[in-house]
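Residue numbers (my numbering): 1 to 380.
Just so you know, even glycine gets a beta-carbon here, dropped at the ideal spot from N, CA and C.
The structure appears below as structure tokens.
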Amino acid sequence: MFIGEIICLPIFLFLKYRKTKQYGSAKLTPSAVNAQLMGLRLDVNVCWFIIPCVFDIVASTLMFVGLTMIAASVYQMLRGMIVFVATIMSIIFLGKKYYRHHWTALSIVVIGVAIVGASPIMYPDKEDEGASSSNPVIGLILVLAGQVFSGFTMVSEEKLFRVFYIHPLQMVGWEGVWGLIFYSIILIILQFIPCPSHTICTYDTIEDTRQAFYEFSLDPLTWILGIGSILSISLYNSTNVAVTKFASCVQKATINTSKPALVWIFWLFYPGKGKERFIWPQIIGFTMIVFGTLMYNEIFKIPFFGLNEYTEDKLTPHNVLLEEKSVNMSPDASHNLKRGSLHVKDNKREESDDISPLRTSNTFITSDKENKIDFGEDTY
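Here you go:
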């Protein structure tokens, strides 16, 4: 995973070199100038990236160890809780505000994930019976704890984007560097720690890296899949962090819950060993996940029960500024921006944020550092 993330760093350095060569200095690029006007700091100490990296390491370790103790379906069901974890943490640590349609959408997503995860339990496969570990409670606790640390990872990344001017590839690359350093140290230590449990440890120690590389080299297909995994992680994590920067950590979590649907569809049609079983409740669950994700991101709006009252269209009757340029931003940013230029008629609604807009040549700036829109071509 960390090798895939490190690949993003030379790509970022190349892009930075090209912009520096074009404008004479990295601080003179249009996006850097806009970032300074918005109050973002250009110089970021790479040690800041240790924070999300450590959270990610702890989360991944806890979840993978927990996976060895519980069924994969239960693991996937528990992973869906990251949506609510990220939401609660964004309220506590980032001061986010969510509306009725957001909470409804999040509830639909979590219910959908629960249905998907519970389907193999309700319709068990005879070949899988008895395959689970004798420590399911410990496994559940570890996976749930992993979700908490995953939430800290997402929130810390979004917090850094609010303070510093950071390219997504830069963040992913440095997280990979720090992660590789930390895990290399951890692996050396784990080689000498005995482990009597064969459920977790196969060769009497917690880790046997030499044996792992030996087994990895026995099958050429494993090498091909390993290289493909590295490249896919590089692309996936960079786009993942980009969603956090330009949208929010909760939107990232809701989108990630749609991954199992693609994996499930692939294995349904993939011939040979390990073919996925068709379980009809999973269709309902995956449909709910996709529907909830589209609803949260306001791509699909429900016109009753007040679920469309606080969408961006309702909050702002006049979109003169936004019609001038095509802007891609998160619901949180658009709502806060539009509330600043609208006198809300409903006296029961909370007072809108105090936003004083200032328009420069290619930037719309507000007094809130979070609410910023870059109209320039260099969006990073």
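Q: Would you mind sorting G179 into buried or exposed? The rule is 16 or more other CB atoms within 10 Å of its CB.
A: Burial of G179 is indicated by the presence of at least 16 other C-beta atoms within 10 angstroms of its C-beta.
Q. Is the beta carbon of Y183 sitting closer than 8 Å to the one on I57?
A. Remark: C-beta atoms of Y183 and I57 approach each other more closely than 8 Å.
Q) What is the DSSP secondary structure of T205, reduced to helix, strand or coil? A) Correct three-state label for T205: strand.
Q: Note down, in chain order, each residue of its chain lying with its Cβ closer than 6 Å to the Cβ of P331, except the 5 sequence neighbours on either side.
A: At P331, the pLDDT of 40 sits below 50, so the modelled position is not reliable and the matter cannot be decided from this model.
Q: Please classify F164: does DSSP put it in a helix, a strand, or coil?
A: DSSP places F164 in strand when its eight states are reduced to three.
Q) Any contact of the stretch 58-67 with the stretch 144-156, i.e. 3+ C-beta pairs under 8 Å? A) The way I'd put it, the stretch 58-67 does touch the stretch 144-156; three or more beta-carbon pairs between them come closer than 8 Å.
Q: Within the same chain, show all residues whose beta-carbon is closer than 6 Å to that of T20, passing over the 5 residues directly before and after it, in chain order.
A: Hits under 6 Å: A26.
Q. Alpha carbon to alpha carbon, what distance is there between F213 and T29?
A. Each residue's alpha carbon lies about 45 Å from the other.
(Q) Helix, strand or coil for P194? Go by DSSP, reduced to three states. (A) Note: P194 maps to strand in three-state DSSP.
Q) Are the CB atoms of Y165 and R41 nearer to each other than 8 Å? A) Cβ distance < 8 Å, so Y165 and R41 count as in contact.
(Q) Whole angstroms are fine: how far does the CA of I230 sit from the CA of A32? (A) Cα to Cα, A32 sits roughly 31 Å from I230.
Q) Under a Cβ-count criterion, where at least 16 other Cβ atoms within 10 Å of its own Cβ denotes burial, should E215 be classed as buried or exposed? A) So E215 ends up on the exposed side.
Q.
Tell me which residues share the same chain as S234 and place their Cβ nearer than 7 Å to its Cβ, disregarding the 5 neighbours each side in the sequence.
A. Closer than 7 Å at the Cβ level, and outside the excluded window around S234, lie G4, E5, I7, C8.
Q: Give me whichever residues DSSP pairs with R41 in a beta bridge.
A: R41 is bridged to F164.
Q: Taking only the alpha-carbon atoms, compute the straight-line gap between P10 and G228 and give it to the nearest angstrom.
A: Looking at the backbone, the Cα of P10 and that of G228 are separated by about 19 Å.
**Q.** Pick from K159, A71, A114, L142 that is closest to M89, judged by C-alpha positions
**A.** For M89, the nearest C-alpha among the options comes from K159.
Q) Should V137 be labelled buried (16 or more other beta-carbon atoms within 10 Å of its own) or exposed? A) Classification for V137: exposed.
Q: Measure the alpha-carbon distance for G292 versus I108 and round it to whole angstroms.
A: One C-alpha to the other measures close to 5 Å.
**Q.** Per-residue burial, E350 [other beta carbons within 10 Å of its own, 16 or more giving buried]
**A.** In this predicted model, E350 has a pLDDT of only 43, less than 50, meaning its place in the structure is not dependable; the value taken from the coordinates is given anyway. Residue burial annotation: E350 is exposed, with fewer than 16 other C-beta atoms found within 10 angstroms of its C-beta.
Q. Of the residues G173, I189, Y99, N240, which one's Cα is nearest the Cα of L307?
A. Checking every option, the nearest Cα to that of L307 belongs to Y99.
Q.
If the criterion is Cβ atoms closer than 8 Å, does the pair T257 and V113 meet it?
A. Result yes, Cβ atoms of T257 and V113 sit closer than 8 Å.
Q: For my contact list, S238 and V172 are in at a C-beta cut-off of 8 Å; report their separation, rounded to the angstrom.
A: Confirmed, Cβ separation roughly 5 Å.
(Q) Ignoring anything shorter than 4 residues, give me the alpha helix (DSSP H) runs that lie fully in the stretch 83-132, in order along the chain. (A) You should have 100-122.
Q) In terms of alpha-carbon separation, which member of S217, M288, F192 lies closest to I206? A) The option with the nearest alpha carbon to I206 is F192.
Q) Which term fits I115, buried or exposed, when burial requires 16 or more other beta carbons within 10 angstroms of its beta carbon? A) Residue environment analysis places I115 among the buried positions, since at least 16 neighbouring C-beta atoms fall within 10 angstroms of its C-beta.
Q) How is F149 classed by DSSP in three states: helix, strand or coil? A) If DSSP states are grouped into helix, strand and coil, F149 belongs with the helices.
Q.
Less than 8 Å between the C-beta atoms of T87 and M295, yes or no?
A. No, these two residues do not count as a Cβ contact at 8 Å.
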